[in-house]
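Encoded as structure tokens, the structure appears first; notes follow it.
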Amino acid sequence: MQYEILSRPAASVAKLTLEAGESVTCEVGAMIAMSTGFDVQTTTRNKGGGGGIVKGLKRMFAGENLFLNHFTATQPNQTLIIGPGLLGDVIHYPMRGGTLVVQGSSWLASATGIDIDATWQGLGKALFSGEGMFWVKCSGSGDLFLNSFGAIYPVDVTGEYVVDTGHIVAFEDTLQFRIGKAGKSLIGSFLGGEGLVCKFSGQGRLYCQSHNPPSFGKLLGPKLKPR
Amino acid sequence: MEAEIRNKPSFANIHVKLAPGERIIAEADAMASMSSTVNMQTKWSGGVVRGILRRLFGSESMFVNVFSTDSQGELVLTQPFPGDIECIELKGNTLYLQPGAFLACESGVKLGLGWAGIRMFIAREGLFRLKVSGTGRVWFGAYGGIFQREISDEYVVDSGHLVAYEPSIRVRIGMAGGIFSSFFSGEGLVTKVRGPGRIYMQSRSFGGLAAWTNAHLY
Chain L
4 MQYEILSRPA ASVAKLTLEA GESVTCEVGA MIAMSTGFDV QTTTRNKGGG
54 GGIVKGLKRM FAGENLFLNH FTATQPNQTL IIGPGLLGDV IHYPMRGGTL
104 VVQGSSWLAS ATGIDIDATW QGLGKALFSG EGMFWVKCSG SGDLFLNSFG
154 AIYPVDVTGE YVVDTGHIVA FEDTLQFRIG KAGKSLIGSF LGGEGLVCKF
204 SGQGRLYCQS HNPPSFGKLL GPKLKPR
Chain U
5 MEAEIRNKPS FANIHVKLAP GERIIAEADA MASMSSTVNM QTKWSGGVVR
55 GILRRLFGSE SMFVNVFSTD SQGELVLTQP FPGDIECIEL KGNTLYLQPG
105 AFLACESGVK LGLGWAGIRM FIAREGLFRL KVSGTGRVWF GAYGGIFQRE
155 ISDEYVVDSG HLVAYEPSIR VRIGMAGGIF SSFFSGEGLV TKVRGPGRIY
205 MQSRSFGGLA AWTNAHLY
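So the protein lines, in turn, are chains L and U.
First residue of the first sequence? That's 4 in our numbering, and the numbers climb one at a time after it.
First residue of the second sequence? That's 5 in our numbering, and the numbers climb one at a time after it.
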């Protein structure tokens with residue numbers, strides 16, 4: 004599979020080129036355009052058997068869909084364009100046997116060699132991280148595509164790093180995070196609008212998004228008419 | 005202090021590198037991420053009274069956060085909506101910012117509050133405007149792209165599109181045309197600015213987004 008990411012960072016899409024027999028698993032609704040030589044299958048399980056209804060339901064809790072779409076090229080040189088519904092960035096992450104923990108709605112697509120499963124990060128993180136209750140755990144090897152609100156920037160963490168809630172896209176599982184306060188004093192942290200933050204430690208790569216969906220929602224929400 | 009604006013103009017954000025002794029002051033909730041070596045301290049924005057006034061009438065936070073470091077560190081600052089960020093270096097001069105535009109400044113910059121007038125309040129531009137003065141860099145953001153214009157006499161800007169202007173600019177609210185065309189042209193109230201001086205405008209307005217979204221909800 005070859006890939007190209009176009010229209011970065013505001014309206015990014017990934018253009019994938021597959022050879023006959025290759026397949027890719029995408030989020031439901033991600034397909035924008037494709038060649039005619041694809042076989043499309045919708046299932047609740049990972050390609051090749053893993054998963055099933057329970058994993059599908061867990062994925063639903065992680066902010067993803069119960070179903071997954073599998074695109075398999077039946078002819079050589081087939082192209083598929085995928086993108087998220089929201090404005091924002093798309094990045095490619097090459098998986099090489101490790102595990103990447105992805106924020107609920109940021110998983111876009113992955114090669115069939117990657118196993119995707121929902122994971123629970125604990126009650127404290129579920130309530131205070133500003134992200135969903137569950138996270139998507141990707142493991143295995145192959146191409147992985149993630150999306151975000153805003154631009155994505157990588158941070159190579161060695162030691163400690165602080166991320167405001169709502170800005171996490173994904174992180175390698177060699178990193179751990181805990182919920183903490185942004186400043187020295189708890190009251191100051193809340194008055195200063197930063198409140199709680201996610202404090203990462205360990206060694207590994209972290210992906211953040213430049214913009215914060217809850218902050219945008221807080222501004223736009225009051226201006227919308229009641230329904 | 006090194007500061008770089010990335011991802012212009014759609015999702016602009018500021019990447020800052022701090023050395024010991026350097027400080028950057030940012031609007032509440034502007035921090036996206038930072039090194040653990042960066043300290044954050046919350047302060048009243050321009051004093052207690054001004055902070056409260058700013059919250060009540062300027063629809064901005066009462067507080068700002070001051071970031072500093074003992075060794076060295078990096079931080080990323082952002083704004084709540086998609087759009088561009090502009091950086092201006094003040095050298096003793098003053099700039100007025102519309103409510104919500106201020107993002108960050110260096111420690112030599114003073115944050116004050118200027119009376120904008122009842123008419124500006126009626127036009128929903130806020131009763132107060134933020135006055136930045138002193139020396140140092142100021143960063144402000146906009147919903148959409150930012151474009152600037154040097155005004156010699158009079159110029160008309162749709163309400164909600166003015167972001168910042170120099171103090172030599174006089175601002176008043178007017179109608180786009182006559183009574184009829186002002187109400188039915190979709191322009192309604194506009195901002196009339198009189199120079200000489202420079203103004204900064206945004207290519208979209210947040211009110212426009214809300215109106216568009218409301219019209220498409222079902």
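Where is the CB? At the ideal position from N, CA and C, for every residue including glycine.
Model, not experiment: these values are computed from the prediction.
Chain U contact residues for residue i, given Cβ-Cβ distances below 8 Å
i              : result
F180 (chain L) : By Cβ distance, chain U contributes nothing, its closest Cβ being about 12 Å from F180 (chain L), past 8 Å.
P12 (chain L)  : N11, S14 and F15
S218 (chain L) : D33 and P84
G153 (chain L) : N11, F15, N17, T82 and P86
Y164 (chain L) : S37, M38, S39 and S40
K158 (chain L) : The sequence shown places Val at residue 158 (chain L), rather than the Lys named in the question. In chain order: S37.
C211 (chain L) : A36, S37 and V80
Chain-ordered neighbours of residue i on chain U, where CB pairs are closer than 9 Å
i              : result
S15 (chain L)  : By Cβ distance, chain U contributes nothing, its closest Cβ being about 10 Å from S15 (chain L), past 9 Å.
N215 (chain L) : D33, A36, T82 and P84
L90 (chain L)  : S14, F15 and P86
Exposed unless 16 or more other CB atoms sit within 10 angstroms - verdict on residue i
i              : result
V139 (chain L) : buried
N80 (chain L)  : exposed
Y222 (chain U) : exposed
T177 (chain L) : exposed
L25 (chain U)  : Checking the sequence shown, residue 25 (chain U) turns out to be Gly, not Leu. By the neighbour-count rule (16 or more Cβ atoms within 10 Å), G25 (chain U) is not buried but exposed.
D2 (chain L)   : The question about residue 2 (chain L) has no answer, for chain L in this structure spans 4 to 230.
L227 (chain L) : exposed
T195 (chain U) : buried
H214 (chain L) : buried
H2 (chain U)   : For chain U, the structure presents residues 5 to 222; residue 2 (chain U) sits outside this window and is missing.
G224 (chain L) : exposed
D88 (chain U)  : buried
S10 (chain L)  : exposed
Q83 (chain U)  : buried
S163 (chain U) : buried
Q106 (chain L) : buried
P200 (chain U) : exposed
R174 (chain U) : exposed
G148 (chain U) : buried
N17 (chain U)  : buried
D42 (chain L)  : exposed
Rounded distance between the beta-carbons of residue j and residue i, thought under 8 Å
i              : j              : result
T168 (chain L) : C201 (chain L) : 6 Å
T28 (chain L)  : A112 (chain L) : 6 Å
H95 (chain L)  : I8 (chain L)   : 6 Å
H170 (chain L) : A36 (chain U)  : 5 Å
W48 (chain U)  : C91 (chain U)  : Not confirmed; about 25 Å, so no contact.
V68 (chain U)  : A30 (chain U)  : 7 Å
S109 (chain L) : A185 (chain L) : Contact flag wrong, Cβ pair sits at about 23 Å.
Y164 (chain L) : L209 (chain L) : 7 Å
E78 (chain U)  : M38 (chain U)  : 7 Å
I203 (chain U) : Y169 (chain U) : 4 Å
V179 (chain L) : G205 (chain L) : Rather than Val, the amino acid found at residue 179 (chain L) in this sequence is Gln. With a Cβ gap of about 6 Å, Q179 (chain L) and G205 (chain L) count as contacting.
Sheet register partners of residue i (DSSP bridge)
i              : result
Q152 (chain U) : U:Y204
Y96 (chain L)  : L:L147
N43 (chain U)  : U:S72
F210 (chain U) : Answer is none; F210 (chain U) lacks a bridge partner.
E8 (chain U)   : U:H19
D118 (chain L) : L:S142
H73 (chain L)  : L:T28 and L:Q44
K18 (chain L)  : L:E7 and L:I84
I35 (chain L)  : In the DSSP output, where bridge partners are listed per residue, I35 (chain L) has none listed.
W110 (chain L) : L:L149
Contact list for residue i against chain L, beta-carbon separation under 9 Å
i              : result
T74 (chain U)  : Here residue 74 (chain U) is Asp; the residue named in the question, Thr, does not match the sequence. Residues of chain L passing the Cβ test: none, with the nearest at roughly 13 Å.
F210 (chain U) : L222, L223 and K226
Under 7 Å by beta carbon: chain L residues contacting residue i
i              : result
N97 (chain U)  : Under the 7 Å cutoff, chain L gives no residues; its nearest Cβ is about 28 Å from N97 (chain U).
A23 (chain U)  : In chain order: nothing, as chain L lies at least about 18 Å away.
T139 (chain U) : Result: empty, since nearest Cβ-Cβ is about 25 Å, beyond 7 Å.
Within chain U, partners of residue i - CB distance below 7 Å
i              : result
R230 (chain L) : L221
H170 (chain L) : A36 and S37
D167 (chain L) : M35, A36 and S37
Neighbouring residues, chain L, relative to residue i (Cβ below 8 Å)
i              : result
A214 (chain U) : L223, K226 and L227
Go through the segment 97–146 of chain U residue by residue and report every complete run of the beta strand (DSSP E) that reaches 3 residues or more, in order. The qualifying runs are 106–110, 113–119 and 132–145.
Please go through the segment 152–211 of chain L and give each complete beta strand (DSSP E) segment of 3 or more residues, from N-terminal end onward. List check, beta strand (DSSP E) in window: 155–167, 171–175 and 178–184.
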